[in-house]
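Trainee: Before I ask anything, here is the structure I am working with.
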Amino acid sequence: MTKTPTIEQDLAKQGVSRRQFLRYCGTLAAVLALPASATEVIAQALALAPRLPVIWLEFQDCTGDTESFLRAAPRPDPAVNGKQDPSLSSLVLDVLSIDYHETLMVAAGEQAEKSRADTIQAYKGQYICVVEGAIPTAYNGYSCIIGGRTALSIAQEVTRSALMTVAFGACAWDGGLAAAAPNPTAAKGVKDAVPGLANLVNIPGCPANVVNLVATIVYYLTYQKLPALDANRRPTFAYGRTVHNQCPRRERDEAAAFGDARHRAGGCLMSLGCRGPETYHNCPTVKWNGGTCWPVEAGHGCIGCTNPAFWDNMSPFYSWVMED
Ligand code: SF4
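Given below as structure tokens:
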């Protein structure tokens, strides 16, 4: 394998202190539902681990998962007033080396195609394949063509030699929006379009949360195996409990309408159609935008975006309010 700097070396170059690094590892241990003692184990593993090359494939998607990835904002440093803490999310790029990502990379056209081929060649069996978006299978796959090749043939090639494949987001998991009825392109998720992948991890959500992507990869770097997965190959640390069970609005009086006194006071959104009781995700604890908020906290009911075929099964998300 080509020699790359370790994660600790990369962080040191950026002036990240040992204390910040340990805080980062502690946050990851908490996300992974590991005991505090795992912090040191993670720190030792990351100190020696090389940055893993990533080939990020985008197919039928809205780039929402890439947006989620890019909006991993830093948080205020609790130890130094006014200073930004690099935190878990903003260190994502230090855990990963994004060698191919059509939306983010500078290269285009043949240069970009070459970059993908070079990464497969140089890191055979050592890179992570992240898939964002669904894979169309109707019309011989010609609904999504990149560089003259179908999404399906690219997915087959890249996943075949990957150390791990992560289906990131609802569309990569089970087809998501592209597969919603009537699904004109016969869109599928990775698990159905490229069946039989031994190292497939599904991280659904619309969008998926980058914290869970990083935690999955860090778990692999630390323990040299995938984290525990459920029957849908979703990490149990992230999809083992319902949103409802972790919700701060639980057991508060139910709001009857958006904007009423109970809604404004943090009341439960069950009567407004919240799907939290039937949705498994750690949204309430990892949150979004640098850990500042999540939809239910902001006053909107959960729409169940980590559930199978949620665009068909969870909708309609809204209904008309009849005036008296
Ligand atoms: S707002 Fe939703 S998730 Fe929270 S307690 Fe009520 S029903 Fe459960």
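Numbering (my numbering), first residue to last: 63 to 386. Just so it is clear, CB atoms sit at the ideal spot from N, CA and C, and this is done for glycine as well. Computed from a prediction, not measured in an experiment: that's the story for all the values here.
1. Could you check which residue in VAL272, ALA277, LEU262 has the C-alpha nearest to that of ALA105?
2. Measuring CB atoms only, is the segment 118–127 touching the segment 216–234, in the sense that at least three cross pairs come out at less than 8 Å?
3. In whole angstroms, what separates the C-alpha of ALA200 from that of THR247?
4. Which complete alpha helix (DSSP H) runs does the segment 327–383 hold, if anything under 4 residues is left out?
5. Are the CB atoms of PHE230 and VAL273 nearer to each other than 7 Å?
6. Should MET226 go down as buried or exposed, given a rule of 16 or more other Cβ atoms within 10 Å for buried?
7. Any heavy atom of the ligand SF4 closer than 6 Å to the Cβ of CYS345?
8. For GLU194, which residues in the same chain have their Cβ closer than 8 Å to its Cβ, ignoring the five residues on either side in sequence?
9. Using the Cα positions of GLY267 and CYS367, report the straight-line distance between them to the nearest angstrom.
10. For the alpha helix (DSSP H) that THR165 lies in, which residues bound it at each end?
11. Is ARG113 closer than 7 Å to SER159 when the C-beta atoms are compared?
12. Measure the alpha-carbon distance for PRO140 versus GLY203 and round it to whole angstroms.
13. Give me the Cα-Cα distance between THR341 and ASP236, rounded to the nearest whole angstrom.
Mentor: With the structure as the only source:
1. Closest in alpha carbon position to ALA105, among VAL272, ALA277, LEU262, is ALA277.
2. They touch, by the three-pair rule.
3. Just so you know, the alpha carbons of ALA200 and THR247 end up roughly 5 Å apart.
4. Complete alpha helix (DSSP H) runs here, min 4: 345–348, 357–360, 372–375.
5. A distance of 7 Å or more separates the beta carbons of PHE230 and VAL273.
6. MET226 sits buried, since 16 or more C-beta atoms from the chains shown fall within 10 Å of its C-beta.
7. Not under cutoff, so the answer is no.
8. The answer, listed in chain order, is TRP118, LEU119, GLU120, PHE121, ASP123, THR125, ASP127, THR128, PHE230, GLY231, CYS233, ALA234.
9. The straight-line gap from Cα to Cα measures roughly 5 Å.
10. No alpha helix (DSSP H) contains THR165, which DSSP labels as neither H nor E.
11. In this structure, SER159 places its C-beta atom within 7 Å of the C-beta atom of ARG113.
12. At PRO140 the pLDDT is 48, less than 50, meaning the model places this residue with poor confidence and gives no usable figure here.
13. If I take the Cα positions, the gap works out to 16 Å.
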